[in-house]
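Chains A and B are the protein sequences, given in the same order. Mapping of the first sequence onto my numbering: residues 239 to 840, in sequence order. Mapping of the second sequence onto my numbering: residues 2 to 352, in sequence order.
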Amino acid sequence: MTKVSHNNFTVKFANVNGTGSSSANGMFMKSIFRMGIPVVGKNYFPSNIQGLPTWYEVRVSDKGYLAPSGSVDIMVAMNAQTYDEDLASVEPGGYLIYDSSWPREDLMIRDDITVLGVPLANMCNEKFDSARARTLMKNTSYVGVLAALLEMDTTVIEQLLLDTFGDKKHLIDANKTALDMGFNYAKENFKCPLPFKAKPINKTDGYIMIDGNATAALGCLFAGATVGSWYPITPSTSLMDAFSSYCSFYRKDKKTGKNNYSIIQAEDELAAVGMALGAGWNGARSFTPTSGPGISLMSEFIGFGYYTEIPTVIFNVQRTGPSTGMPTRTQQGDISLCAYASHGDTRHVCLYPANPEEAFYLSVAAFDLAEKLQTPVFVLSDLDIGMNDWMIKDLKWDDKFKPDRGKVLSSEELEEMENYYRYLDVDGDGVPYRTIPGTNPKGSYFTRGSGHNRFGGYTEDASEYQDVVDRLLVKWETAKTLVPKPAVSFSKNNDIGIISIGSCDDAIREARDIMKKQGQKMNYLRVKAFPFTKEVQKFLDAHKTIFVIEQNRDGQLAKLLISETAVETKKIKSIRLYNGIPIFPKDVVEKIQTELKAGKAA
Amino acid sequence: MSYIKKPKIIRDSDPRNKLGMTFDDYEGVMSTLCAGCGHDSITGAIIQTVFDLNIEPHKMIKLSGIGCSSKTPAYFASQSHGFNSVHGRMPSVATGANAANSELLCIGVSGDGDTLSIGMGQFSHAVRRNLNMLYIIENNGVYGLTKGQFSASADVGSTAKKGAANLQTPIDPCSIAINLGATFVARSFSGDKEQLIPLLKAGLMHRGFAMIDVISPCVTFNDHEGSTKSYLSTRETKREAVYTDYIAPFSEIEVQYEEGSSLEVDLHEGGKVLLRKTDDSFSPLDRSQSINGIKEASDKGEVLTGLLYIDESQPDFTEVENTINGALNSVSYDDLCPGSKALNELLDNYK
């Protein structure tokens, strides 16, 4: 795979959670970013407040690959509990930094790596008085060690301290002291720099580092969402935290100081989605962020929203299932669930962002789609997209954008009508006209999840019932023309294709580059939405073999393609990586090669 | 069609309210409940209430859950938007609707099954938020649509139609609501419109969560001897704790009560609630007296009715949340979207 070189390596930090390591690790990553070198961070953290192992992995990649490499070149081993496995995970020729305040005998187990001991605790105990500072500053000190080993631009790190701590001078001073301490120790005791280092280049201009929950929240803000209801659940919580913080700044009524929005922390997810639907019905752009268990709870209401045709947006920041599963690990395990959530015949529009950049644009698109189609729309992100910091292009906003509220009748339009009926398919596209309460008494109708006819009346009549559910299928066909088209990379010379989804994208991009070097070229389509558009069928038709790569055990995307397109089942080769860790390019390559070999042998 | 529109016959002589609307204008489709169902009397009382209060129908929304009770929003105010949600989940829909537009009056109709079992959580949290709505529980102690199982409000010893007695302790919505911090709690009887209509008016005009528990006998499954929620039993056991009148804004108080026995509570919309006590030890302005009063009556086998608790001083959900008054969709998009310049400035924080 990729050989270690300047600007091309992975540093992994092994810490104990609750010790303040994440800010130091973030500082290290951001400094690399500010040196103009593409970088990405992956946080492997426990579902716990304090005391359990946590890892942070920073991949530095001058080519801008954003998937985790799957190998560790420098390990900062700060957790005795996981020391053995951390030691074992370092690539031959790599480095391990540890706190030598407490020397350990088993240091010598590997002679194919370089072990660097730094007395971090001793140094910090001498310099700092409080227990908290002693703990925190150990983290900053190892950043100093790395800065020396990798010959990082220390002015960049110092500027970052100023930007981070603002007017809190004591924090700036303490961090600067700790940084220098680590830096000087490394300079005096080790050969600096290492054979590979971080060399300033110019590849991060026009980029930001941000997580996908923040960008999804920005999408809600810019789309004009006004009501957000939610129940705290990892890994979606920070989406509403971000929305709340943006709103408190951008959404105050200038005259009264009152909120032009309402954020409701519900009693549970059953209520959260009920609130979102109530708000959507009553004219607000509404949304609710959650994760898999929340979708399970919301399912009854989701079917209600589908059948009564109420717009709202549901963010599912997926985590590892089933059941409680691993709340702090990533997966794409809710593809089937969201496509068909709820009892009876239901189908839902789903959007699948691949990274925080798309989480922004698809979140904006979701609100328009929900209102144009008058139905709940899902945005399926995942923990990797939602909670990890990614390097993405600067988000752009077109000030000419106006939200498309869909077919909503105004008071004047209602006045001109003889009669208004909620579920009449006037235009033949399966999307009826809706009215918003408070507009005009002529627009009143009764919303009900029980059988209703095209006029909005209660019915138990066979043909009246069927008339409405069949019309919903017409709407589904309309949805196919409105949802985002897939991202396609196609050459007619290739007869093998890859279809994938969401956060698999970067690993696949890199895997394709690796395979290309080995002489194996493959086309690639990434679905961005359900229902599948005609481009998906075209891609399926154009290939003899299609690898469907996804992060769940059961091949949910592969099954969805088989049931929702006209693809020949035998063409589909399902590749599934689902251990809760973002997928590695090398694993994708290996799985494909195994399949190809098996195919030839057969 | 399986629903029946009521024939609308309006005569010149029909009384009209200040909006020029007749009583018929506030009706809904024909009820499909059993003949004699208490719920239909409540529907009639609601129609009278909104007619008298001159409510613009499109400025009101009516919501419900699932069950016999939850059918009733279809039977009144056909010019108002209605929402028949899922079982026990009407409060969350009302909360979202209120967040979207706090200006609309909101009537929620639920039942003892819909509120006190599956809906207990959402009911409690709507109370806790002091959501500005009138929440009516049409309470008959049984599940009607599934043919007569006891609900959580059935009294110990009350018998089912086939004779089996309920053994589990009832949940009293009024005590629970007062304990949870409700700001308007009343109990009434579907067979007593004179009491019910002023309570509905006061409840609808109250700012915050107004709950009225209305004993509403189920003629098919719970109106027999041995039932404590039959017409006969309710008539015999109900005791009015306090007489309530609603006085509209700018109206004169016409009745005179004895000094010391009456109380006035000013409502935010300008009207008043006029209360006349029947018992010196009970005041609906005192939470503990109210809870004790309900308990003592219940111990004696009585059903305490009337306005049991009122507190007009508490901020409602909209005020606590500091949300603008009115419809959020009336805010122009330009005021909602920060725009490209703000976005670019914001991105600097992520560099």
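Built from N, CA and C at the ideal position, the CB exists for glycine as well. Quick caveat: nothing in here was measured; it's all calculated off a predicted structure.
{"Query": "Exposure of residue 31 of chain B, with buried meaning 16 or more beta-carbon neighbours within 10 Å", "Result": "exposed"}
{"Query": "Closer than 8 Å to chain B by CB, residue 539 of chain A", "Result": "yes"}
{"Query": "8 Å Cβ cutoff met for residue 67 of chain B and residue 115 of chain B", "Result": "yes"}
{"Query": "Three or more C-beta pairs below 8 Å linking the stretch 677–688 of chain A and the stretch 554–566 of chain A", "Result": "no"}
{"Query": "Chain A residues whose Cβ lies nearer than 7 Å to that of residue 84 of chain B", "Result": "519, 685"}
{"Query": "CA-to-CA distance, residue 773 of chain A to residue 437 of chain A, given in whole angstroms", "Result": "42 Å"}
{"Query": "Where residue 505 of chain A meets chain B, residues with beta-carbon distance less than 9 Å", "Result": "93, 122, 123, 125, 126, 129"}
{"Query": "CB contact flag (residue 400 of chain A, residue 410 of chain A, <8 Å)", "Result": "yes"}
{"Query": "Assigned exposure category for residue 235 of chain B - 16 Cβ within 10 Å defines buried", "Result": "buried"}
{"Query": "Rounded separation between residue 831 of chain A and residue 758 of chain A - CA only", "Result": "10 Å"}
{"Query": "Neighbourhood of residue 812 of chain A by C-beta distance below 7 Å, restricted to the same chain and skipping five residues each side", "Result": "786, 793, 796"}
{"Query": "Minimum Cβ-Cβ distance from residue 678 of chain A to chain B less than 8 Å", "Result": "yes"}
{"Query": "Closest by C-alpha distance to residue 200 of chain A, when choosing among A:244, A:241, A:267", "Result": "Outside the modelled stretch of chain A, which goes from 239 to 840, sits residue 200 of chain A, for which no answer is possible."}
{"Query": "Listed by chain order, chain B residues near residue 542 of chain A by CB distance under 8 Å", "Result": "86, 87"}
{"Query": "DSSP-derived helix/strand/coil call for residue 643 of chain A", "Result": "coil"}
{"Query": "Identity of the residues DSSP links to residue 239 of chain B by a beta bridge", "Result": "B:304"}
{"Query": "Where residue 104 of chain B meets chain A, residues with beta-carbon distance less than 9 Å", "Result": "676"}
{"Query": "Beta carbon proximity, residue 332 of chain B to chain A, threshold 8 Å", "Result": "yes"}
{"Query": "Contacts that residue 348 of chain B makes with chain A (C-beta to C-beta distance below 9 Å)", "Result": "446, 448, 632, 633"}
{"Query": "CA nearest to the CA of residue 329 of chain B, picked from A:621, A:464, A:475, A:396", "Result": "A:464"}
{"Query": "Any chain B beta carbon closer than 8 Å to residue 488 of chain A", "Result": "yes"}
{"Query": "Residue 313 of chain B versus residue 99 of chain B - alpha carbon distance", "Result": "19 Å"}
{"Query": "Which of helix, strand or coil DSSP assigns to residue 758 of chain A", "Result": "coil"}
{"Query": "Contact check, residue 198 of chain B vs residue 49 of chain B, beta carbons under 8 Å", "Result": "yes"}
{"Query": "Chain-ordered neighbours of residue 76 of chain B on chain A, where CB pairs are closer than 7 Å", "Result": "Simply none; closest approach about 11 Å."}
{"Query": "Cα-Cα separation between residue 46 of chain B and residue 194 of chain B, rounded to whole angstroms", "Result": "6 Å"}
{"Query": "Residue 631 of chain A in three-state terms, based on DSSP", "Result": "strand"}
{"Query": "Proximity below 8 Å, CB of residue 237 of chain A to CB of residue 276 of chain A", "Result": "The shown model of chain A, from 239 to 840, leaves out residue 237 of chain A, and the question about it has no answer."}
{"Query": "Amino acids of chain A, ordered along the chain, whose beta-carbon sits closer than 7 Å to that of residue 344 of chain B", "Result": "633, 635"}
{"Query": "Classification of residue 3 of chain B by the beta-carbon crowding that lies within 10 angstroms, buried from 16 upward", "Result": "Its pLDDT being 47, under 50, residue 3 of chain B is placed unreliably in this model, and the coordinates cannot settle the point."}
{"Query": "CB contact flag (residue 85 of chain B, residue 92 of chain B, <8 Å)", "Result": "no"}
{"Query": "Close beta carbons around residue 71 of chain B, own chain, < 7 Å, minus the five adjacent residues each side", "Result": "65, 85, 110, 111, 112, 115"}
{"Query": "Backbone CA spacing between residue 40 of chain B and residue 698 of chain A [nearest angstrom]", "Result": "22 Å"}
{"Query": "Beta-carbon spacing of residue 15 of chain B, residue 23 of chain B below 8 Å", "Result": "yes"}
{"Query": "Cβ-based burial, residue 7 of chain B [other Cβ within 10 Å; buried from 16]", "Result": "exposed"}
{"Query": "Three-way DSSP call (helix, strand, coil) for residue 257 of chain B in this model", "Result": "coil"}
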